[in-house]
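See below for the structure under consideration.
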Amino acid sequence: MSTRESVKGDLDVVVVGAGFAGLYALHRLRGLGFSTTVLDGASDVGGTWYWNRYPGARCDIESIDYSYSFDPELQREWQWSERYATQPEILRYLGHVADRYDLRRDIRFSTRVTSAAWDGGAARWRIRTDRGDDLRCRFYVMATGCLSLPKTPDIPGVERFRGETYYTGRWPHHDVDFSGKRVAVIGTGSSGIQCIPIIAQQAAALTVFQRTPNFSRPAHNGPVPAAKKAAFDADPAAYREAARWSRAGVPMNYSEVRALQVSEAERLAAYEAAYASGDLLALNAAYADVGTDPEANETVCEFLRGKIRAIVRDPATAEALCPKDHFYGTKRPCIDTNYYETFNLPHVRLIDLRRDPIRTITERGIDTAAESLAFDVIVFATGFDAMTGAIVAVDVRGRDGARLAAKWADGPRTYLGLMTTGFPNFFTITGPGSPSVLSNMVVSIEQHVDWVSDCLVHMRAERLDVIEPTPAAEAAWVQHVDDCAQITLFPRASSWYMGANVPGKPRVFLPYVGGVDRYRKACDEVVRRGYLGFAFDGPGGARCNDGVVVRLQLDVAMLLERLESLGLPAIETMSVADARAFSRALAAGRPPGPAVGETVDGLLPGAAGPLAYRCYRPASPGPHPIVAYFHGGGWVLGAHDSDDPFCRDLCVRSDAIVVSVDYRHAPEDRFPAAADDGFAAVEWIAANADRLGGEPGALAVCGWSAGGNIAAVVCQRARHAGRPGIVGQVLVNPVTDCDFTRESYLHNADGYFLTTALMRWFWDHYADPADRTHPKASPLRATDLAGLPPALVVTAEFDPLRDEGAAYAEAMAAAGVEVQHLPCRGQIHTSVVSVDVILSAAGARAEIGAALRRFFANARPAERRRAGSR
Ligand code: N01
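Plus 4 on top of the position in the sequence shown (first one is 1) and you've got my numbering.
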């Protein structure tokens, strides 16, 4: 380490880290007139590319994409020599950037930050380093990288080994010669997979210790592909803009087709093409549901396992190399050069630690449960304390001395991955809660640095000293990040994305999975709406613009955008016949829903003639309880089979027979035809339970939208009539009233599929104004709700019907009815019934199934008692 005097100083900004992020931050901030110093523990620039010098290290995002876009001149003058550049070339690039913009003069190398404390009185951060520096700054920016703090190997005896030891993430600067040596490599993530083939070329013997096999496929590295270069050179600015608004920071087409929608032959052809492309993202892009549907994902897994089996000659080794404990992509996949082929070499051996775990490292090698092995060299490719490790490694103290490590003890809490409440003027570049490691890092880094720089300029212009996110904005963002993760397969893997690789680290999905494009839109919107979710203070005044930037669930937002892009006509502008045809056409392309034991169609007597029904039976042996179901469609649209996927889902989740009943529709048959048919149908189902394969007495009702209205009305009438016995009611976004002035009608009038205009159209077709207040039309208007069956009422946040559903739940509870109200955050009117489309509503569908099972379980003892006394 070079010697230097310790420094004191008062700066605008201290940036920690001189990698891609820190270098660009320095360039940008200094250019805007902010006095800025960068601190880095390394002796030169490069960040992760300074430390990860292990043999074979190279990027796995194509270099054209994995490079700065901020200066067209820089883009023009730098030409990459390979498709995926090596670590030395990337380091040369970063050195070139440092020279070109004269950055080194403001970087203090070989300097580690030890503590950072916010001084609220002075509105300054106080930064101390291991070189005795004592700096004050207005803004503290951590550009420390997501994968920079190597994980301490949690293997007993690590310190005992007397041979050479190397860590991929802290590789020495001198050449390491493996010739003639017996080498062990522990770890088969990206680092291991890259270095193993190269080490094997030199070593006398190589033993690979694998705990979890990873998915990898050939990178097909070589010269920069001509087509890629041509696409970039044709219009670099447009190319970069496309990357900024892409899903992962690389311009790419993502399929909207589901994997199991196509034939196996077509699917395999798509996978072969993705495999041949050598592109890390190609397999994820091949089908829309690879990241969300276990079955779809398994087709990718099996395809890749087939490739491994075809390459690796020894079947036992091949099998051990085949990942089977996680879905493709849920642990970061790799691309490689000759990784699997390496295991065909006679001097290379794989030890599967799942079968033969390491007992201890010894002075001379590694003892596994089965044998004692001697080595000259051990290489640890054991990974990093990802995303949060480097940030909390510094003793960061915010307001009132609060420790960041304590605040994040149960997982990081950030607003946009950029800031965290209680730590004013503290920014994290590509912090947890931002796309970061799920994206092309350079694109995400530039976006964050630009956002922070623009924010500082805004504060300077407005004479504001202090910025901090509001607790509500932060809480909502944390929730949103988790909501997005939950609809994917990611949380199911023990990955470093989940913090699972570091013993004791909380299991929280760390990056934002909603996409670079969507994330950028949210960040831009925050600014456009006057820094929504931030509080500022300073001579320019104190201001707090509290609010939540993203409130719709990710898949709901995507669906609404897709519908909007189709430019579909509004239903209420159509004739009834056209509206019916239109709703049938909309339903035609939807996923079919889960398989049930069997479906049987039949006719039952309605109030004024036969009604069609469809009976869904579970695969389990009967008899089963029965759910009488009423479809949605505003009393005008739909039929007994129009909510088919949802009925299947209900059947599977509740293990009950679902009888979906048609009822007469308006305007042909106006109020109270639908309600009367509903009651007649339920009476018939109760009387014919045996015939349907059901358990007598175990009958619940369920309905969605106008069907929820019918279900509610049926329960009121059954109570009044004293028959039939109904053990529970599930009302999904039900119509319970005819009042259009509730807040949910006003706030959600437009844009969330069910609009106020459409609801008016439905009501106008169904009932005369004078009839609408009758409890058979507006069950909320009933004077007495006591004695109704236990209820689950589901409402959606962005639904005009939300408040009347909630009001009905409240009114029933007030009347002593056992009620569960399930408000669905970020959902719209159609979410719950959109099986396998709105995955974020799967939790609500599970609650519905559980509620039905509960209704039946609670009712059975009474029913048995009744049956016994008969
Ligand atoms: O680390 P990892 P990495 N005993 O955590 C194993 C990026 N990157 O440095 O999975 C035995 O992925 C561990 O096993 P398990 C990229 O984002 C990019 O390879 O925990 N084994 C795993 O096999 C990447 O994902 C590039 O069961 C132990 C391995 O060590 C990320 O950095 C290149 C163990 C660690 O794999 C991290 O990659 C390199 C133990 N006690 C890295 N502890 C490119 O751009 C851990 N392991 C190409």
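From the three backbone atoms N, C-alpha and C, an ideal C-beta is built for every residue, glycine too.
So the candidates are the options; which of them puts its Cα closest to the Cα of residue i?
i, options, result
"Asn342", "Asp356, Leu422, Ala274 and Gln205", "Gln205"
"Pro229", "Glu66, Arg336 and Cys326", "Glu66"
"Glu168", "Arg87, Glu808 and Phe182", "Phe182"
"Ala126", "Tyr332, Asp14, Leu107 and Ala722", "Asp14"
"Phe347", "Gly830, Arg358, Pro319 and Pro361", "Pro319"
"Leu151", "Thr434, Phe219, Arg401 and Asp134", "Thr434"
"Arg906", "Ala223, Arg244 and Asp680", "This structure leaves residue 906 out entirely; the chain is present only between 5 and 874."
"Leu33", "Ala592, Asp458, Phe802 and Ala246", "Asp458"
"Ala574", "Asp137, Thr799 and Leu762", "Leu762"
"Tyr54", "Ala241, Pro176, Ile131 and Ala476", "Pro176"
"Glu672", "Ala774, Ala691, His769 and Met502", "His769"
"Pro59", "Val49, Ala89 and Glu77", "Ala89"
"Phe757", "Ser448, Leu784, Thr745 and Phe802", "Phe802"
"Glu747", "Leu796, Gly809 and Gly697", "Gly809"
"His833", "Val665, Asp807, Arg864 and Arg166", "Asp807"
"Gly698", "Arg417, Ala120, Gly626 and Asp659", "Gly626"
"Ala413", "Ile395, Arg403 and Asp404", "Ile395"
"Ala223", "Ala781, Arg271 and Ala278", "Ala278"
"Glu9", "Ala121, Arg135, Ala22 and Gly45", "Arg135"
"Ala397", "Arg116, Asp283 and Ile355", "Arg116"
"Arg166", "Ala374, Gln733 and Ala378", "Ala378"
"Ser119", "Arg132, Asn225 and Arg112", "Arg132"
So what's residue i in DSSP terms, helix, strand or just coil?
i, result
"Phe236", "helix"
"Gly13", "strand"
"Ala861", "helix"
"Pro543", "coil"
"Glu367", "coil"
"Trp129", "strand"
"Leu567", "helix"
"Gly335", "Sequence inspection shows Lys at residue 335; the Gly mentioned does not correspond to that position. Lys335 falls in the strand class under three-state DSSP."
"Arg403", "helix"
"Val731", "coil"
"His178", "coil"
"Met146", "strand"
"Ser658", "helix"
"Tyr58", "coil"
"Gly421", "coil"
"Val20", "strand"
"Leu792", "coil"
"Thr7", "coil"
Is residue i near the ligand FAD, with its Cβ less than 7 Å from a heavy atom?
i, result
"Gly196", "This structure lacks the ligand FAD; its bound ligands are the ligand N01."
To the nearest whole angstrom, what separates the beta carbons of residue i and residue j, a pair I think is in contact under 8 Å?
i, j, result
"Gly879", "Leu654", "With the chain covering only 5 through 874, there is no way to say anything about residue 879."
"Arg221", "Lys311", "7 Å"
"Met463", "Phe513", "Their Cβ separation, rounded to whole angstroms, is 32 Å, which puts Met463 and Phe513 out of contact at 8 Å."
"Ala231", "Asp69", "About 14 Å; that fails the 8 Å criterion."
"Leu287", "Tyr344", "Contact flag wrong, Cβ pair sits at about 16 Å."
"Arg422", "Ser438", "Note that residue 422 is Leu in the sequence shown here, rather than Arg. At roughly 7 Å, the Cβ-Cβ gap stays under 8 Å, so Leu422 and Ser438 are in contact."
"Gly534", "Arg467", "Rounded, the Cβ-Cβ distance is 16 Å, inconsistent with contact."
"Phe586", "Ala715", "Not quite, the Cβ-Cβ distance comes to about 25 Å (not below 8 Å), so this is no contact."
"Phe860", "Val739", "Not a contact, Cβ separation roughly 26 Å."
"Tyr105", "Glu450", "About 14 Å separates the two Cβ atoms, so there is no contact after all."
Can you check whether the CB of residue j is closer than 8 Å to the CB of residue i?
i, j, result
"Leu139", "Val11", "yes"
"Arg621", "Val600", "yes"
"Phe24", "Met445", "yes"
"Val456", "Val145", "yes"
"Arg164", "Ile365", "yes"
"Trp500", "Gly387", "yes"
"Leu493", "Thr334", "yes"
"Asn218", "Gly184", "no"
"Ile491", "Cys338", "no"
"Val736", "Val821", "no"
"Val400", "Phe431", "no"
"Asp44", "Ile111", "yes"
"Gly638", "Arg723", "no"
Does residue i have its Cβ less than 8 Å from a Cβ in chain B?
i, result
"Phe113", "Within the model displayed, chain B is absent; a lone protein chain is all it includes."
#### Entry: Pocket of the ligand N01 (residues with CB nearer than 5 Å to any heavy atom), chain order
My final list is Cys63, Asp64, Leu151, Asp158, Ile159, Gly191, Thr192, Gly193, Ser194, Ser195, Arg215, Thr216, Arg336, Thr386, Gly387, Trp500 and Asn505.
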